[in-house]
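**Q** Numbering (the numbering used here), first residue to last: -13 to 372. Note that beta-carbon positions come from the ideal geometry of N, C-alpha and C, so glycine has one too. Before we start, here is the structure in question, set down as structure tokens.
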Ligand code: ATP
Ligand code: MG
């Protein structure tokens, strides 16, 4: 699968010549290592491994999202990747991650992205151990502005969740950078198993979980869930059982335990109630959010929020991700890695160092295991992502 765009025909070029479009980034077909030094692992999503890299010409840092093309087995996923690249190419906004360059080889696609040194928002808050309702206002305002911009481009994000809200700098006061446009773009009610397995279910709007059609309002539901977790540290709709979680989301009755909400302004609860609305027509959109009293009225408190529950949430989220990685065929990869390096013992290694000891991320390991296993078996591993 190639992502290189076909050339526009002449009439299209003439028509577009008056619009101010962002210049598309170049797609290089040479090895990325010629231009960038690839460094530590920054994150692992469901589809990609993300590593820090630095540009050899000037030493500037970037993040590179490495996608193994063979893993995107079905047409839907391939189209979604194509769409992510198209969207990234259009996006030019201070609160959205910027695409710098693309490298494409036979097996891999490398998206060179603006590096967000602050990492994921929730991780930063927990590390800094200090976060206020006023700071939460800034986060919600910026994510809303980023969404309004994306929607104006005709793009629905569809995957608003804490992992996709990054920070430019290592400070909770840093501006946010929304990331991950597109790979979830073509998901609908028929992909329920997928939604659950990648931890996105808890942020999904009721209309996404049915076969109904949906529009950009789904992003504001998800923002409501993120805002809720940001303020009290737990999910508004959660049950150990997936079907029960879906029931809670569909019922859309937002629980407010006053023991936790006592110190938080009533305007915050009011805005959450207007975001977590079952009916997308009545649900607040960007204009109403940005003029809501919680955002504009200065009612949000300056006292530090109680972060105990958010920290517990973070560790739960971490375990959840580990669980997914296990499902993704960790055992298979370890076996492969040991076969390739019989002298290395993994005893006593943390899972992080296990992933890195071959100088490759887990994704490369799984891919390698897939390649080794041959068609049939390889598919079995890859299918656990779906
Ligand atoms: P998902 O599972 O949400 O579909 P994905 O596979 O599409 O994820 P991303 O969400 O783009 O991948 O990236 C995975 C993780 O890598 C992020 O959650 C974040 O921790 C880290 N990351 C991604 N982009 C950057 C960046 N530009 N700067 C710093 N860290 C990043
Ligand atoms: Mg992501």
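(1) Ends of the alpha helix (DSSP H) at residue 131?
(2) Is residue 38 helix, strand or coil by DSSP?
(3) Is residue 27 helix, strand or coil by DSSP?
(4) Check whether the region 140 to 147 touches the region 100 to 111, counting contact only when three or more Cβ pairs, one atom from each stretch, lie closer than 8 Å.
(5) Ignore the nearest five residues each way along the sequence and tell me which others in residue 260's own chain have a CB closer than 6 Å to its CB.
(6) Considering only the alpha carbon of each residue, which of 26, 94, 30 lies closest to residue 14?
(7) Residues in the same chain with beta-carbon distance under 6 Å from residue 293, minus the five sequence neighbours each way, listed in chain order, please.
(8) Quick test of your reading: residue 281 and residue 213, contact by CB under 8 Å. State the CB separation rounded to the nearest angstrom.
(9) Classify residue 376 as helix, strand or coil using the three-state DSSP reduction.
(10) Quick one: residues in its chain with C-beta nearer than 7 Å to the C-beta of residue 125, no 5 flanking neighbours on either side, listed in chain order?
(11) Is there contact between the region 133 to 141 and the region 40 to 49, where contact requires at least three CB pairs shorter than 8 Å?
(12) Report yes if the C-beta of residue 33 is less than 7 Å from at least one heavy atom of the ligand ATP; otherwise report no.
(13) Helix or strand or just coil, what does DSSP make of residue 83?
(14) Inspect the beta-carbon positions of residue 75 and residue 11 and report whether they are closer than 8 Å.
(15) Please confirm whether any heavy atom of the ligand ATP lies closer than 7 Å to the CB of residue 141.
(16) In the DSSP assignment, what are the bridge partners of residue 296?
(17) Is residue 192 helix, strand or coil by DSSP?
(18) Report the three-state DSSP secondary structure of residue 60 (helix, strand or coil).
(19) Determine the direct distance from the alpha carbon of residue 24 to that of residue 236, and round the result to whole angstroms.
(20) Tell me, please, which residues DSSP counts as bridged to residue 96.
(21) Give the secondary structure of residue 240 by DSSP, where H, G and I count as helix, E and B as strand, and everything else as coil.
(22) Say yes only if the C-beta of residue 29 is nearer than 7 Å to one or more non-hydrogen atoms of the ligand ATP, and no if none qualify.
**A** The structure says:
(1) 119 to 138
(2) strand
(3) strand
(4) no
(5) 270
(6) 94
(7) none
(8) Incorrect: roughly 11 Å between the Cβ atoms, too far for contact.
(9) Given that the chain is displayed from residue -13 to residue 372, the structure contains no residue 376 and the question cannot be resolved.
(10) 107, 162, 216
(11) no
(12) yes
(13) coil
(14) yes
(15) no
(16) Per DSSP, none; premise fails for residue 296.
(17) helix
(18) coil
(19) 44 Å
(20) 52, 89
(21) coil
(22) yes
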